[in-house]
Amino acid sequence: MPDIRLPDGSVKSFPQPVSVAQIAQSIGAGLARAALAARVNGKLVDTGHRVESDAEVQIITERDPEALELIRHSSAHLLAHAVKELYPEAQVTIGPVIENGFYYDFSYKRPFTPEDLASIEQKMLEISKRDLPVERKVMPRDEAVAFFRNLGEKYKAEIIASIPEKEAISLYGQGNWIDLCRGPHVPSTGKLKVFKLMRVAGAYWRGDSKNEMLQRIYGTAWAKKEDQDAYLKMLEEAEKRDHRRLGTQLDLFHMQEEAPGLAFWHPKGWVLWQQVEQYMRRVYRENGYHEVRGPQILDVGLWKRTGHWDNFRESMFFTSSENRDYAVKPMNCPGHILIFNKGVRSYRELPLRYGEFGSCHRNEPSGALHGLMRVRGFVQDDGHIFCTEEQILAECVAFTALLQKVYRDFGFTEVIYKVATRPAKRIGSDAAWDKAEFALQQSLQQSGVAFSISPGEGAFYGPKIEYSLKDGIGRVWQCGTMQVDFSMPGLLGAEYVAEDNTRRTPVMLHRAIVGSMERFLGILIEHYAGAFPLWLAPQQVVVLNITERQAEYAAGIKNRLLNQGFRASADLRNEKISYKIREHSLQKLPYQVVVGDKEMQAGTVAVRTRSGEDLGAMSLEAFTARLQAEAKAQ
RNA sequence: GCCGGUUUAGCUCAGGGGCAGAGCAACCGCCUUGUAAGCGGUAGGUCGUCCGUUCGAUUCGGACAGCCGGCACCA
Numbered sequence: 012m013p014d015i016r017l018p019d020g021s022v023k024s025f026p027q028p029v030s031v032a033q034i035a036q037s038i039g040a041g042l043a044r045a046a047l048a049a050r051v052n053g054k055l056v057d058t059g060h061r062v063e064s065d066a067e068v069q070i071i072t073e074r075d076p077e078a079l080e081l082i083r084h085s086s087a088h089l090l091a092h093a094v095k096e097l098y099p100e101a102q103v104t105i106g107p108v109i110e111n112g113f114y115y116d117f118s119y120k121r122p123f124t125p126e127d128l129a130s131i132e133q134k135m136l137e138i139s140k141r142d143l144p145v146e147r148k149v150m151p152r153d154e155a156v157a158f159f160r161n162l163g164e165k166y167k168a169e170i171i172a173s174i175p176e177k178e179a180i181s182l183y184g185q186g187n188w189i190d191l192c193r194g195p196h197v198p199s200t201g202k203l204k205v206f207k208l209m210r211v212a213g214a215y216w217r218g219d220s221k222n223e224m225l226q227r228i229y230g231t232a233w234a235k236k237e238d239q240d241a242y243l244k245m246l247e248e249a250e251k252r253d254h255r256r257l258g259t260q261l262d263l264f265h266m267q268e269e270a271p272g273l274a275f276w277h278p279k280g281w282v283l284w285q286q287v288e289q290y291m292r293r294v295y296r297e298n299g300y301h302e303v304r305g306p307q308i309l310d311v312g313l314w315k316r317t318g319h320w321d322n323f324r325e326s327m328f329f330t331s332s333e334n335r336d337y338a339v340k341p342m343n344c345p346g347h348i349l350i351f352n353k354g355v356r357s358y359r360e361l362p363l364r365y366g367e368f369g370s371c372h373r374n375e376p377s378g379a380l381h382g383l384m385r386v387r388g389f390v391q392d393d394g395h396i397f398c399t400e401e402q403i404l405a406e407c408v409a410f411t412a413l414l415q416k417v418y419r420d421f422g423f424t425e426v427i428y429k430v431a432t433r434p435a436k437r438i439g440s441d442a443a444w445d446k447a448e449f450a451l452q453q454s455l456q457q458s459g460v461a462f463s464i465s466p467g468e469g470a471f472y473g474p475k476i477e478y479s480l481k482d483g484i485g486r487v488w489q490c491g492t493m494q495v496d497f498s499m500p501g502l503l504g505a506e507y508v509a510e511d512n513t514r515r516t517p518v519m520l521h522r523a524i525v526g527s528m529e530r531f532l533g534i535l536i537e538h539y540a541g542a543f544p545l546w547l548a549p550q551q552v553v554v555l556n557i558t559e560r561q562a563e564y565a566a567g568i569k570n571r572l573l574n575q576g577f578r579a580s581a582d583l584r585n586e587k588i589s590y591k592i593r594e595h596s597l598q599k600l601p602y603q604v605v606v607g608d609k610e611m612q613a614g615t616v617a618v619r620t621r622s623g624e625d626l627g628a629m630s631l632e633a634f635t636a637r638l639q640a641e642a643k644a645q
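With our numbering, letter number 512 in the first sequence gets 523, and the count goes up by one each step, no holes.
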């Protein structure tokens with residue numbers, strides 16, 4: 012005799028156990044049609060779920076936030092169903108929901124082609140139209156293993172076999188197709204109307220590169236057509252702000268075959284770089300760092316002492332001369348320790364902070380390269396803080412605050428914080444790890460930010476905070492980092508004289524704010540879609556003359572702007588003003604100033620902003636005052 | 001590194017076993033121009049590289065490389 016309490020507080024009594032679908036039906040036929048699932052006492056269940064006793068029940072329709080996940084999950088099943096109908100020999104594996112969609116991994120004798128995707132999508136539509144009811148069954152584990160073995164689905168059988176023996180397995184069937192799944196699912200395939208297969212890609216079975224490669228099909232699915240259209244539109248827009256495309260269009264940088272994973276910075280791109288570098292140099296200076304510079308190549312013997320030879324050799328470039336082997340540095344830290352080691356250090360000097368814009372090279376796997384976001388040669392705003400264990404917390408707190416200020420100045424407010432904790436294979440005492448992990452977490456708590464823990468993801472020498480930003484299409488890239496290192500200073504013999512006149516090994520904090528300059532610039536380009544704020548813009552102002560008569564006046568204006576420190580140029584070409592404006596608009600210049608006879612006679616400039624607003628004529632002084640105010644606002 | 005796709009003019013892209021194409025950009029003229037494309041002309045290429053099939057390959061096949069999308073990796 013269950014009493015069902017609904018979200019509006021009303022209670023419905025039933026004489027015997029009822030299914031979610033029956034509850035929905037009792038409320039209204041429309042709701043029954045729209046029902047996708049339900050939340051029963053907080054737990055998400057199918058519409059076929061039977062409620063045996065008193066419960067709080069909320070019917071889920073496409074209007075609820077949970078609906079998307081259900082739809083995407085069921086769409087993954089629909090995809091697998093379609094693939095099995097078209098290619099019966101294909102084996103199914105897993106098909107989870109991901110951001111904006113879903114995927115399903117298959118094993119098949121040949122790769123799926125883009126043409127296959129089209130026919131699979133057609134088949135999915137067809138199965139959707141059949142409106143097959145989706146039914147849940149429960150089976151003991153061993154029976155389920157045997158069931159899938161019989162079907163020849165060895166991957167499924169393997170997955171189930173790894174589930175604890177006692178547990179019952181739920182299976183979902185639609186038509187003649189059945190899959191292992193925790194559920195819940197939509198009640199019938201007809202509920203799935205808005206989906207699109209996006210791409211096919213390889214993926215390792217169980218995410219391990221030692222295993223065979225499966226075929227992963229990615230799809231997107233939505234409750235409403237308009238939502239999907241908006242999503243596809245967003246992807247299109249994101250493509251337009253891709254830093255690789257804008258890098259070419261705005262003539263910022265290029266990459267070419269002879270130097271895979273290495274950027275060539277063009278004049279405008281290098282101006283942008285320098286704005287960032289000079290800003291970060293000021294950050295060093297104003298926050299107690301001494302800027303230093305270590306050599307590019309160091310004897311291999313040094314890298315053997317630091318552990319790089321054993322742990323990092325695969326990712327390093329080597330060179331040799333006169334029977335000596337060198338490694339091109341992949342990190343700046345050993346160099347900073349060598350600088351620290353020159354001279355006897357006192358505890359009074361700690362924390363001692365070094366910063367460098369050092370150029371590092373890492374031999375990244377070819378498949379990992381990705382524009383400026385993942386390169387083989389890069390420059391970091393790489394700082395190392397030598398301190399005592401007691402100083403770690405304060406340094407971390409200060410660093411996180413500093414990083415946030417820097418990100419804000421560059422226009423980023425959405426930062427993702429993670430703390431990577433001790434891995435199984437590690438050095439150092441548990442007490443030291445406790446202290447370091449606590450300090451990292453506490454620094455984030457004091458900064459008032461939410462963070463997640465990546466258990467076991469820390470470096471072998473210490474835990475770290477990872478600070479990440481998102482690129483134009485939501486891909487997350489780590490930029491900043493703060494790592495606690497208890498070992499490398501000792502390996503290279505760093506020590507300081509403590510208060511009690513004993514020699515002690517300092518702790519070293521590895522930290523970067525923008526991380527790789529290349530990656531950060533890539534993210535900046537996408538963040539601003541190439542329309543940089545005034546202080547970053549490679550070219551801030553262009554002066555345009557209407558006809559040859561004002562050429563000299565225009566050149567004079569440009570020179571006065573240059574003399575005041577603005578990045579200005581003049582476009583004196585014999586072209587129509589609208590033509591010039593179009594060109595410089597496409598180059599996303601913050602300001603264009605037009606000078607014709609009127610302005611020349613009045614000694615003024617007519618100012619046009621990047622948004623296309625005409626500010627009218629004003630004196631050069633009024634204009635530069637505006638520029639100055641805007642640049643300072645940063 | 002692995003799976004798939006892709007590579008044609010400076011850029012964006014079409015084409016296709018038999019003389020290599022367009023738009024934009026460039027260059028040369030004309031036009032002296034008022035807030036997002038004035039008009040006409042010229043030039044531009046070992047069709048990523050190498051090997052094969054063929055009378056003939058930019059086109060078909062193979063290998064390699066770069067790039068793109070994922071996977072793995074990211075000290």
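Idealized CB from N, CA, C, for every residue including glycine.
task = Going by DSSP, name the residue or residues bridged to Arg152.
result = Its beta-bridge partners do not exist; DSSP assigns none.
query = Alpha carbon to alpha carbon, how far is Gly473 from Glu400?
reply = Approximately 12 Å between the Cα atoms of the pair.
key: Where Pro195 falls, given that 16 or more other Cβ within 10 Å makes a residue buried   = buried
query = In its own chain, which residues sit with a C-beta less than 6 Å from the C-beta of Tyr115, not counting the 5 before and 5 after it?
reply = Ala87, Leu90, Ala91, Gly106, Ile228
key: Segments of 4+ residues assigned as alpha helix (DSSP H) that fall wholly inside the segment 36-101   = Counting only runs of 4 or more, we get 40-45, 77-97.
key: Any alpha helix (DSSP H) of 4 or more consecutive residues that is wholly inside the segment 334-374   = 344-352
message = Which same chain residues end up closer than 8 Å to Arg296 when comparing Cβ atoms and leaving out the 5 residues on each side of it in sequence?
response = Glu302
query = Can you tell me whether Val682 is buried or exposed, with buried defined as 16 or more other CB within 10 angstroms of its CB?
reply = Not covered by the structure: residue 682. The range shown for the chain is 12 to 645.
ask   = Under the three-state reduction of DSSP, which class applies to Arg619: helix, strand or coil?
value = strand
query = Around the Cβ of Gln239, are there at least 16 other Cβ atoms within 10 angstroms (buried) or fewer (exposed)?
reply = Burial call: buried.
task = Just the C-alpha distance for Pro13 and Ile464, rounded to the nearest angstrom, thanks.
result = 42 Å
query = With distances taken between CB atoms, is the gap from Glu375 to Arg364 smaller than 7 Å?
reply = no
key: Every unbroken beta strand (DSSP E) within the segment 187-271, with a cutoff of 3 residues, ordered by chain   = 188-191, 205-215, 224-233
ask   = Are Val282 and Asp392 close, meaning C-beta to C-beta below 7 Å?
value = Taking a C-beta distance under 7 Å as the contact criterion, Val282 and Asp392 do not qualify as a contact pair.
query = So, Arg651 versus Ile180, is the Cβ gap smaller than 7 Å?
reply = Limits of the chain in this structure are 12 at one end and 645 at the other, which puts residue 651 out of reach.
query = Between the Cα of Gln226 and the Cα atoms of Thr620, Lys244, Glu178, Arg121, which residue gives the shortest distance?
reply = Arg121
inquiry  = With distance defined between alpha-carbon atoms, name the residue in Lys95, Ser30, Val94 nearest to Ser64.
reply    = Ranking Lys95, Ser30, Val94 by Cα distance to Ser64 puts Ser30 first.
task = On the DSSP bridge assignment, give the partners of Gln603 in chain order.
result = Val553, Arg619
request  = Could you tell me which uninterrupted beta strand (DSSP E) segments, each at least 3 residues in length, are contained entirely in the segment 452-517, listed from first to last along the chain?
outcome  = 463-465, 475-481, 487-496
query = What are the start and end residues of the alpha helix (DSSP H) that includes Asp127?
reply = 125-141
inquiry  = Helix, strand or coil, according to DSSP, for Leu404 in the structure here?
reply    = Assigned with DSSP and collapsed to three states, Leu404 falls in helix.
inquiry  = Can you list, in chain order, the residues of its chain with a C-beta nearer than 7 Å to that of Ile484? Leave out the 5 residues immediately preceding and following it.
reply    = Leu246, Ala249
query = Would DSSP call Thr317 helix, strand or coil?
reply = helix
inquiry  = With the cut-off set at 7 Å, would you say Gly533 and Met384 are in Cβ contact?
reply    = Cβ atoms of Gly533 and Met384: closer than 7 Å.
request  = May I ask which residues mark the beginning and end of the alpha helix (DSSP H) holding Asp608?
outcome  = 608-613
For Pro144, the residue or residues it bridges with in DSSP = Pro144 pairs with Ser199.
request  = Take Tyr428 as the anchor and find which of Cys398, Ala412, Ser479 has the nearest alpha-carbon.
outcome  = In terms of CA proximity to Tyr428, Ser479 leads the group Cys398, Ala412, Ser479.
message = Tell me the DSSP secondary structure of Trp546 in three-state form.
response = Coil, per DSSP.
query = Tell me which same chain residues have a C-beta within less than 8 Å of the C-beta of Ser357, skipping the five on either side of it?
reply = In chain order, Tyr507, Val508 place their CB closer than 8 Å to the CB of Ser357, counting only its own chain and leaving out the 5 sequence neighbours on each side.
message = Excluding the 5 residues flanking Asp496 on each side, which residues of the same chain have their C-beta closer than 8 Å to its C-beta?
response = Cys344, Ala470, Tyr472, Gly473, Val518, Met519, Leu520, His521
key: The beta strand (DSSP E) enclosing Tyr300, as first and last residue numbers   = Where Tyr300 is concerned, the enclosing beta strand (DSSP E) stretches over 300-302.
query = The beta strand (DSSP E) with Ser332 in it runs from where to where?
reply = 329-332
query = Terminal residues of the continuous alpha helix (DSSP H) containing Met291?
reply = 278-297
inquiry  = Going by DSSP, what residue range makes up the beta strand (DSSP E) through Phe634?
reply    = From DSSP, Phe634 is part of no beta strand (DSSP E) but of the alpha helix (DSSP H) over 631-644.
query = So what does Gln391 bridge to, in DSSP terms?
reply = Gly369, Ser527
message = Rounding to the nearest angstrom, what Cα-Cα distance links Asn570 and Glu563 in this structure?
response = Looking at the two C-alpha atoms, the distance is approximately 11 Å.
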